[in-house]
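Protein chains in written order, with the working numbering: chain A, 72 to 680; chain B, 3 to 322.
Notes to accompany the following structure.
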Amino acid sequence: MKKSKWLLFAALFSLLLVLAACSGKEDGTATEEPADTDTEEQAEGAEETTEDSSELFEVSVTNEGEAIEGGILQVGMVKDEPFQGIFNWELYEDAYDSELMSWTSNALFETDGDFMLTDEGIASLDVDQENNKATVKIREGVKWSDGTPLTIEDVILPYHIIGHKDYTGVRYDTQFQNIIGAEEYHAGTAETISGLKKIDDLTLEISFKQLSPSIFYGGDGLWTYAAPVHQVGDIPVAELIESDAVRKNPITLGAFKIDKIVPGESVSYVKNEHYWKGEPKLDGVVVKVVPSSSVSVAIASGDYDLVTSFNATKMEEIQDLENINILGRPELYYSYVGFKVGKFDTTQNKVVTDMENSKMGSQELRQAMGFALDIEQVSEVFYNNLRERANSLIPPVFESFYDGELNGYTYDPEKAEALLDEAGFVDVDGDGIREDQNGEKLEIKLAAMSGDATQEEIIAFYLQNWADVGLNVVLSTGRLIEFNAFYDMVQADDPEIDMFMGAWGTGTNPSPSGLYGEADQYNFSRYTSDVLQSAVVAIDSPESFDTDFRAEQFKIFQEHLEEVATTIPMQFRYEIFPVNKRVKNYNIDYADATEIHEIELVADKPVAN
Amino acid sequence: MWKTIVRRFLIMIPQLFVLSVIIFVLAKFMPGDPFTGLITPQTDPARIAELTEKAGLNDPVHMQYLRWMGNAFQGDFGLSYTYKRDVGALIGERALNTFWLSLLSVILLYALAIPLGILAGRYQNSRLDKTIVLYSFVTYAIPTFVLALVFLFLFGYQLRWFPTSGSVDIKTQVGTLGYYWDRFYHILLPSITYAILGTTGIIQYLRSEIIDAKSMDYVRTARSKGIPMRKVYSKHIFRNSLLPIAAFLGFTITGLLGGSIFIETIFGYPGMGQLFVSSISSRDYSVITALVMLFGFLALLGSLLSDIIMSIVDPRIRIE
């Protein structure tokens with residue numbers, strides 16, 4: 072959820088929302104407080120990010136005026152339902168809870184513009200690739216919000232929560248099992264996780280089965296949050312999720328601490344005097360759920376200093392307001408169109424590609440379908456350019472791995488027709504619709520998720536795009552499909568589906584494993600090949616500790632999929648943040664975001680329009 | 003009469019049983035499950051499978067049903083998959099919110115509709131009557147969300163007379179007078195919206211009943227005995243005209259917990275209507291079944307209450 076979080080464009084792909092937001096937020100919290108980077112290379116990267124995003128939006132704003140003493144920051148969180156209120160990093164599920172926790176934060180690490188862990192945070196990471204070990208060292212003198220010192224036990228505890236047999240969250244996964252002893256602990260045959268070794272009060276050594284570059288992004292099983300042993304250590308894991316320590320008064324490490332909660336509606340925070348970076352300049356923060364139907368008016372009325380999860384399609388309602396600045400940045404997201412070219416063999420747990428017997432087996436056909444889509448026009452007309460044609464399956468935010476030179480499938484109906492002619496998809500019976508290579512009628516079934524009225528129009532437009540090049544594409548089941556049903560059908564390789572339109576929130580680790588590997592259930596197009604599989608494996612292999620090698624593998628991955636076109640990227644999108652002119656400084660750049668304890672206000676109340 | 007009431011309660015048992023079977027099976031027919039929405043590229047399919055297995059969702063439906071039944075008999079409706087809380091506590095919290103909102107709505111509704119209906123009936127065809135009838139048609143035609151949004155923008159944001167969202171301001175201290183006032187203040191605008199939109203039925207019923215009653219023999223008798231018109235209306239006509247409204251009173255009372263998805267969503271008020279809709283879209287089975295059972299029970303109870311109320315207000319009706 073907070074993961075759901077999950078959120079920008081309610082219209083399109085309502086589930087995607089869930090998917091995209093979830094993952095985006097999951098790791099996004101770490102980006103709340105990134106530190107300045109040390110190396111020149113990274114610093115340059117940060118500047119580029121700024122330039123890229125500023126093509127459309129500013130990523131930072133500075134408002135004139137003398138800062139007032141303290142003050143309460145008013146934050147509106149756009150959401151049409153109550154929030155869940157699971158204030159615990161190990162247990163929460165949706166993006167909204169993660170957003171609420173970002174003010175209190177228990178994050179040990181900070182990240183740079185590439186979302187890699189830095190040494191600027193509470194903890195630093197030292198990786199011993201040879202021996203598959205990582206050492207986490209925490210700063211001395213860091214205190215919890217109740218004044219208790221942070222110890223290494225607090226860093227170890229989360230592993231024993233996630234690994235516990237009574238733990239019901241999604242985070243006990245294959246990555247977590249990469250920690251030596253995690254499986255034994257989960258099975259109940261060990262009291263503790265043997266791979267966790269306390270060196271001293273500030274140092275923890277973790278042994279892994281196999282390390283990959285993912286560890287530098289907080290992956291491979293490394294857990295990047297602390298949990299207060301003196302508060303939750305004695306609560307049985309099964310009871311944790313309903314306990315007051317999670318629901319009402321969590322003890323935290325961040326700049327603010329929770330003061331009061333109105334369940335599902337609002338949370339008020341006061342500053343944490345023990346914050347390790349110094350006392351926050353604000354007295355407190357109030358985050359309130361705002362219904363999407365009235366958020367634009369609320370912004371105009373000056374009810375909020377910051378608005379999060381703002382639906383980009385409402386951009387027009389606020390773009391002329393004078394009491395706010397609108398910041399924007401590219402999201403960790405892409406939407407795509409996928410073609411079914413095989414099946415998932417559940418007994419052997421692997422993807423079986425069968426181009427020969429797939430209706431979408433022709434590479435030219437798939438490519439032509441990509442060229443035929445006028446996504447540029449859709450982005451402009453329906454999304455006010457808050458979305459743009461995607462050229463790659465890696466969002467451009469990941470500068471080190473994104474291949475900007477890929478052409479992607481830009482709108483080119485002539486090329487589409489030429490490709491189809493060349494591959495033998497020609498109209499033999501003269502009805503204006505192309506037949507397949509054997510001269511048989513060709514009907515392609517597209518599965519698309521339901522959304523709002525716009526979604527219907529967009530899909531109708533795409534169908535027309537394909538009809539324009541002579542392809543008969545119809546909707547699977549005859550209509551748009553509700554998101555749960557959509558993923559059920561796509562995952563089950565339903566024969567009603569020849570192709571489908573979906574989207575992914577990538578999270579902060581750009582690795583394609585999980586989505587394009589040969590053993591991946593979420594490899595929905597069911598395409599795998601030696602080239603693809605070797606790139607996917609190499610990206611997370613020890614060789615990839617060499618960033619150049621890893622970048623090269625990413626390039627191979629992107630180029631290969633562009634060529635075979637089993638999954639064609641459609642759109643990237645921007646997320647936007649309305650910021651009231653009362654806020655003195657605010658920056659949402661992934662590489663250089665404002666540290667929340669440094670936010671200041673220049674007036675007693677938010678400015679009304 | 004007591005016998006009848008007990009019998010009606012006994013009949014409810016098979017009725018609710020059938021309802022529970024239907025809703026349980028239908029809920030499982032929905033595509034996806036509570037874990038579908040958790041999937042991200044980082045989610046491990048093996049873990050999702052493990053959680054599904056642990057939750058017992060892979061068992062045959064009848065097994066799941068029996069397990070659910072067993073627990074439900076002990077008052078345990080399970081944990082919400084979405085909120086990870088005891089379903090009873092979750093519904094209780096929302097039900098309380100919805101109850102206060104609905105109660106105020108219904109009070110305002112009757113306070114508005116009954117006088118209007120009486121006036122319209124008494125002064126039939128006058129300008130006043132026509133205005134009231136026009137009003138009731140207009141409000142009948144306006145979709146809830148339109149009026150709710152207009153009121154919110156006008157009275158909430160423009161005039162600043164009312165708070166714009168939520169059930170209470172976070173600054174107030176729980177338990178103080180200010181807290182209860184603030185809660186009342188927060189439900190006032192949604193209640194007014196609801197009341198204004200709901201008047202049509204009552205006004206129309208009351209109006210036509212009064213118009214009918216005016217020509218009744220007992221009214222003529224009362225008049226001929228020299229009872230003043232005012233008294234005839236308040237003592238004779240009014241009581242009889244309320245019968246059809248009393249007939250719905252039972253449903254109105256139990257309907258207090260139903261909630262309104264539109265009002266709740268627009269005013270950001272956590273209530274039952276929203277909980278029901280969101281539990282369906284997130285496949286929160288335990289919440290769906292508990293809510294449907296609750297609503298089913300309330301509907302049955304409402305019809306019983308209505309019958310009882312009718313027998314009290316109209317001595318001609320006897321429950322046998």
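Note that CB positions come from ideal geometry on N, CA and C, so glycine has one too.
Note that the coordinates shown come from a computational prediction; the quantities given were computed from them, not determined experimentally.
Check, Outcome
"Can you check whether the C-beta of Q592 (chain A) is within less than 8 Å of a C-beta belonging to chain B?", "yes"
"Three or more beta-carbon pairs under 8 Å between the segment 396 to 414 of chain A and the segment 656 to 670 of chain A, yes or no?", "yes"
"If I measure Cβ to Cβ from W4 (chain B) and keep anything under 6 Å in the same chain, skipping five residues before and after, which residues do I get?", "none"
"What residue range is occupied by the uninterrupted beta strand (DSSP E) comprising E646 (chain A)?", "638 to 651"
"Considering only the beta carbon of each residue, do K269 (chain A) and I227 (chain A) sit closer than 8 Å?", "yes"
"Answer with buried or exposed for Y163 (chain A), where buried requires no fewer than 16 other C-beta atoms within 10 angstroms of its C-beta.", "buried"
"Alpha carbon to alpha carbon, what distance is there between F648 (chain A) and V378 (chain A)?", "6 Å"
"Give the secondary structure of A316 (chain A) by DSSP, where H, G and I count as helix, E and B as strand, and everything else as coil.", "helix"
"Is DSSP giving E666 (chain A) helix, strand or coil here?", "coil"
"With Y287 (chain B) and A74 (chain B) assumed to form a contact (beta carbons below 8 Å), what rounded beta-carbon distance in angstroms separates them?", "The pair is not a contact, with the Cβ atoms about 13 Å apart (cut-off 8 Å)."
"The beta strand (DSSP E) with L127 (chain A) in it runs from where to where?", "Here L127 (chain A) belongs to no beta strand (DSSP E), and DSSP marks it neither H nor E."
"List, in chain order, every chain B residue whose beta-carbon is nearer than 7 Å to that of W174 (chain A).", "Per Cβ cutoff of 7 Å: no residues; W174 (chain A) is ~14 Å from chain B at best."
"Which word fits W537 (chain A), buried or exposed, when buried means at least 16 other C-beta atoms lie within 10 angstroms of its C-beta?", "buried"
"What first and last residue would you give for the beta strand (DSSP E) that runs through K56 (chain B)?", "Element bounds for K56 (chain B): not the beta strand (DSSP E) but the alpha helix (DSSP H), 47 to 56."
"Output needed for A487 (chain A): all residues of its chain with C-beta closer than 7 Å, excluding positions within five of it in sequence on either side, in chain order.", "A439, F442, A443, V540"
"Going by C-alpha to C-alpha distance, which of B:S305, B:G261, B:L296 sits closest to F101 (chain B)?", "B:G261"
"Once the 5 residues before and after D199 (chain A) are set aside, which same chain residues still bring their CB inside 6 Å of it?", "none"
"Rounded to the nearest angstrom, what separates T182 (chain A) and V608 (chain A) at their Cα positions?", "25 Å"
"State the start and end residues of the unbroken beta strand (DSSP E) segment that holds D271 (chain A).", "267 to 271"
"Looking at the strands, I want to know which residues DSSP matches up with P220 (chain A).", "A:K214"
"What does DSSP give as the partner residues of V20 (chain B) in its beta bridges?", "DSSP, once it has assigned bridges, lists no residue as partnering V20 (chain B)."
"Would you give the residue range spanned by the beta strand (DSSP E) that Q145 (chain A) belongs to?", "143 to 149"
"With a threshold of 8 Å, are at least 3 pairs of Cβ atoms found where one atom belongs to the segment 426 to 435 of chain A and the other to the segment 540 to 559 of chain A?", "no"
"What is the DSSP secondary structure of S107 (chain B), reduced to helix, strand or coil?", "helix"
"Would you check if there are 3 or more beta carbon pairs closer than 8 Å linking the segment 136 to 144 of chain A to the segment 663 to 672 of chain A?", "yes"
"Out of A:P362, A:S365, A:Q526, A:D445, point me to the one whose CA is closest to E459 (chain A)'s CA.", "A:D445"
"For T638 (chain A), which residues from the same chain have a beta carbon less than 7 Å from its beta carbon, with the 5 sequence-adjacent residues on both sides left out?", "Y407, G409, L464, S596, L632"
"Where T2 (chain B) and D244 (chain A) are concerned, what is the direct C-alpha to C-alpha distance, given to the nearest angstrom?", "Outside the modelled stretch of chain B, which goes from 3 to 322, sits residue 2 (chain B), for which no answer is possible."
"Beta carbons nearer than 9 Å to chain B: which residues of the segment 387 to 417 of chain A have them?", "none"
"By Cβ distance, which residues of its chain are closer than 8 Å to S284 (chain B), with the 5 residues on each side in sequence left out?", "P36, G39, Y83, T84"
"Would you call the segment 342 to 357 of chain A and the segment 410 to 428 of chain A touching, i.e. three or more CB-CB distances under 8 Å?", "no"
"Going by Cα to Cα distance, which pick from B:V89, B:G58, B:P62 is closest to V294 (chain B)?", "B:V89"
"Examine the Cβ distances between the segment 186 to 198 of chain B and the segment 162 to 176 of chain B and report whether three or more of them are shorter than 8 Å.", "yes"
"Counting only Cβ pairs nearer than 7 Å, list the residues of chain B close to T206 (chain A).", "Simply none; closest approach about 24 Å."
"Residues of the segment 422 to 436 of chain A with a CB closer than 8 Å to any CB of chain B: list them in chain order, please.", "none"
"Have a look at the DSSP bridge pairing and note the partners of E506 (chain A).", "A:K512"
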